[in-house]
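Peer 1:
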DNA sequence: GTAAGATGCTTCGAACTCGAAGCACGTATC
DNA sequence: GATACGTGCTTCGAGTTCGAAGCATCTTAC
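Residue numbers (the UniProt record's numbering), protein chains in the order written: chain A, 1 to 164; chain B, 1 to 164.
1. So residue 21 of chain B packs on residue 144 of chain A, CB below 8 Å; how close in whole Å?
2. Any beta carbon from chain A within less than 9 Å of residue 127 of chain B's own beta carbon?
3. Just checking my contact of residue 77 of chain B with residue 45 of chain B at CB under 8 Å: how many whole Å lie between their CB atoms?
4. What distance in whole Å lies between the Cβ atoms of residue 14 of chain B and residue 65 of chain A, which are believed to be in contact at a cut-off of 8 Å?
5. For residue 87 of chain A, which residues does DSSP report across the bridge?
6. State the start and end residues of the unbroken beta strand (DSSP E) segment that holds residue 58 of chain B.
7. If you measure from the beta carbon of residue 93 of chain A to each beta carbon in chain B, is any gap under 9 Å?
8. What is the rounded straight-line gap between the Cα of residue 2 of chain A and the Cα of residue 127 of chain B?
9. Measuring only the C-alpha atoms, how far is residue 155 of chain A from residue 58 of chain B?
10. Find the nearest neighbour of residue 52 of chain A within the set A:131, A:102 and A:24, judged by alpha-carbon distance.
11. Runs of 3 residues minimum, wholly inside the UniProt domain "HTH marR-type" (11-146) of chain B: which ones carry the beta strand (DSSP E) assignment?
12. In chain order, what residues of the same chain have a beta carbon less than 7 Å from the beta carbon of residue 70 of chain A, not counting five sequence neighbours either side?
13. Can you give the Cα-Cα distance for residue 97 of chain A and residue 49 of chain A, rounded to whole angstroms?
14. So, residue 47 of chain A versus residue 24 of chain B, is the Cβ gap smaller than 9 Å?
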């Protein structure tokens with residue numbers, strides 16, 4: 001029981017704590033956003049567009065940023081469009097591509113939701129750690145993320161990779 | 001754009017890196033487990049039972065450990081029982097309560113899946129960090145987790161909390 | 001002991017997710 | 001400029017999730 005299939009206490013501690021912190025945080029965020037009438041995926045889409053230069057991105061760019069399937073993104077984008085928060089238009093340079101842009105209503109929605117979101121994250125994640133530790137935590141996680149993003153079996157694998 | 005609604009770079013870095021690392025890790029784990037015929041929730045249920053003293057827990061105990069709704073747990077427990085990996089029996093001391101226990105087949109299933117799981121976690125999360133940093137990361141996240149678990153608005157809130 | 005509320009779990013319907021398959025357009029190769 | 005393959009996105013069906021409502025049992029207060 002103490003031996004988790006070959007992980008020592010330090011490894012276990014890091015793994016389980018990460019799992020639990022992210023789950024609890026994600027759950028809390030989800031709850032808050034639902035109260036505001038948004039899915040967390042929808043919120044992330046809006047935020048990505050908000051931060052994007054020119055306020056527009058292709059569907060693929062969005063899907064790569066979020067960790068969500070293409071079809072899932074299509075679904076949520078449909079809802080967002082129906083709600084008038086984003087607009088979809090065929091891309092000028094590539095007719096296959098769809099360019100998504102943030103509408104004025106979408107921007108307003110972000111401004112309405114962000115303060116509560118930030119307050120929540122601050123209360124759960126940021127407040128309990130002193131400034132210095134926060135920097136350390138960010139540094140460590142960034143290192144891990146960079147490693148994951150370059151690791152071989154990536155999520156963005158080619159479609160039907162030939163047998164060999 | 002640099003000002004994320006009131007979060008400075010250090011805060012943003014920690015928040016976003018955490019978000020991304022946990023998402024990518026969860027996604028990779030999910031993929032691996034699906035290949036083994038298990039949901040990640042199912043796997044967590046099995047692991048909790050595996051680590052529990054006596055190898056059995058009540059449904060509520062399980063739901064508290066995982067971050068999942070009661071109804072969701074009921075659903076997954078039903079599947080696990082149908083697959084013969086767990087057994088449900090009325091609790092001896094409380095007739096409302098259901099005691100869940102791990103079957104021999106369930107234990108075997110864990111032994112079959114764990115090595116791959118550990119290898120995956122090691123490759124994605126543990127390997128890129130030197131031993132020392134791993135300890136630091138675990139320590140920081142544990143601190144945050146403890147804070148979250150004691151923070152006021154808990155997930156296990158009373159059912160219909162009276163107005164005041 | 002009995003009424004009122006709390007607690008453990010399940011059922012139900014609606015919403016969200018995914019992967020496979022499909023369609024349309026682009027790109028390469030000859 | 002055809003044929004074949006790669007890419008961007010959507011549709012579809014199956015599986016999973018949740019919260020609200022419901023049932024049964026336990027606990028508390030009187």
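All C-beta atoms, glycine included, are put in the ideal place defined by N, C-alpha and C. Keep in mind that this is a model prediction, so the values were computed, not measured.
Peer 2: Inspection of the coordinates gives the following:
1. The C-beta distance from residue 21 of chain B to residue 144 of chain A rounds to 5 Å, short enough to fall under 8 Å.
2. For residue 127 of chain B, the answer is yes, since a Cβ of chain A falls inside 9 Å of its Cβ.
3. About 7 Å; that satisfies the 8 Å criterion.
4. The Cβ separation is near 18 Å, so there is no contact.
5. Looking at the DSSP assignment, residue 87 of chain A forms a beta bridge with A:101.
6. Judged by DSSP secondary structure, residue 58 of chain B falls within the beta strand (DSSP E) whose first and last residues are 56-58.
7. Nearest CB-CB separation between residue 93 of chain A and chain B: not below the 9 Å threshold.
8. Note on residue 2 of chain A: pLDDT 49, under 50, position unreliable in the model; the coordinate value appears next. Their backbone Cα atoms lie some 21 Å apart in a straight line.
9. Here residue 155 of chain A scores only 38 on pLDDT, less than 50, and its place in the model is too uncertain to base an answer on.
10. Closest option to residue 52 of chain A, Cα to Cα, is A:102.
11. Those beta strand (DSSP E) runs which fall completely within the UniProt domain "HTH marR-type" (11-146) of chain B and span 3+ residues are 56-58, 86-90 and 98-102.
12. Cβ within range, chain order: 63.
13. Each residue's alpha carbon lies about 16 Å from the other.
14. No, the Cβ-Cβ distance between residue 47 of chain A and residue 24 of chain B is not below 9 Å.
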